[in-house]
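Participant:
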Amino acid sequence: MAEGQVLVLDGRGHLLGRLAAIMAKQVLLGRKLVLLGCKGMSISGNFYRNKLKYLAFLQKRMNTNPSHGPYPFRAPRSILPWSASRLKPTRKFAYLGRLAHEFGWKYQAVTATLGEKRKEKAKIHDRKKQQLMMLRTQKINKFTEVLKTHGLLV
Numbered sequence: 178m179a180e181g182q183v184l185v186l187d188g189r190g191h192l193l194g195r196l197a198a199i200m201a202k203q204v205l206l207g208r209k210l211v212l213l214g215c216k217g218m219s220i221s222g223n224f225y226r227n228k229l230k231y232l233a234f235l236q237k238r239m240n241t242n243p244s245h246g247p248y249p250f251r252a253p254r255s256i257l258p259w260s261a262s263r264l265k266p267t268r269k270f271a272y273l274g275r276l277a278h279e280f281g282w283k284y285q286a287v288t289a290t291l292g293e294k295r296k297e298k299a300k301i302h303d304r305k306k307q308q309l310m311m312l313r314t315q316k317i318n319k320f321t322e323v324l325k326t327h328g329l330l331v
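Heads up: take any position in the sequence shown, counting from 1, add 177, and you land on my numbering.
1) How long is the line joining the alpha carbons of Lys319 and Asp187, rounded to whole angstroms?
2) Could you name the residues that DSSP lists as bridge partners for Lys209?
3) Are the Cβ atoms of Met218 and His245 separated by less than 7 Å?
4) Which of helix, strand or coil does DSSP assign to Leu329?
5) Touching or not, the stretch 270-285 and the stretch 221-229, by the rule of three or more beta carbon pairs under 8 Å?
6) Which residues mark the beginning and the end of the alpha helix (DSSP H) in which Phe234 is found?
7) Which residue marks the beginning of the alpha helix (DSSP H) containing Arg275, and which one marks its end?
8) Should Leu210 and Leu193 be called a contact, given that it needs their Cβ atoms to be closer than 7 Å?
9) With distances taken from CA atoms, which of Lys202, Leu324 and Ala289 is nearest Cys215?
10) By a C-beta neighbour count over all protein chains shown, 10 Å radius and 16 as the cutoff for buried, is Ile220 buried or exposed?
11) Please list the terminal residues of the continuous beta strand (DSSP E) segment that includes Ser221.
12) For Met239, which residues from the same chain have a beta carbon less than 8 Å from its beta carbon, with the 5 sequence-adjacent residues on both sides left out?
13) Tell me whether Gly222 is buried or exposed, calling it buried when 16 or more other Cβ atoms sit within 10 Å of its Cβ.
This is the structure:
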């Protein structure tokens, strides 16, 4: 793998534990990773069970000096390393974004509105790009016809 290349993964719709296993293997191979769409990832098991598991995790502290940590994360991207391992296909699942929102992640609405704006801008950009490509092909077609008549293009 060339220097400076980063593997970008989209986490939406994937199970947390399975994606964590794939990411761990890629990191062991020496690749750099970026994970997008963490709030759309699924955790196996129903929502209430996952909520109880995360509550139990939040209660952990250092016995001699609690101010030394651990400081549990609330954002979905930070919950990823703490991943579930029960991965049966028939189990219920919960979304990581909802779980993070219940535990104090304040930016669920903000990321939703920013995502909508990003999609609108992407549509506008795609339309402009298609129009430019059509104009380009029209201009090129004029010259290709002339070149074909002179036998320079086959």
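Each residue gets a CB set at the ideal place from its N, CA and C atoms; glycine is no exception.
Facilitator: Let me spell this out:
1) 42 Å
2) Val183
3) no
4) coil
5) yes
6) Phe224 to Leu235
7) Leu273 to Glu279
8) no
9) Ala289
10) buried
11) Ser219 to Ser221
12) His245, Gly246 and Pro247
13) buried
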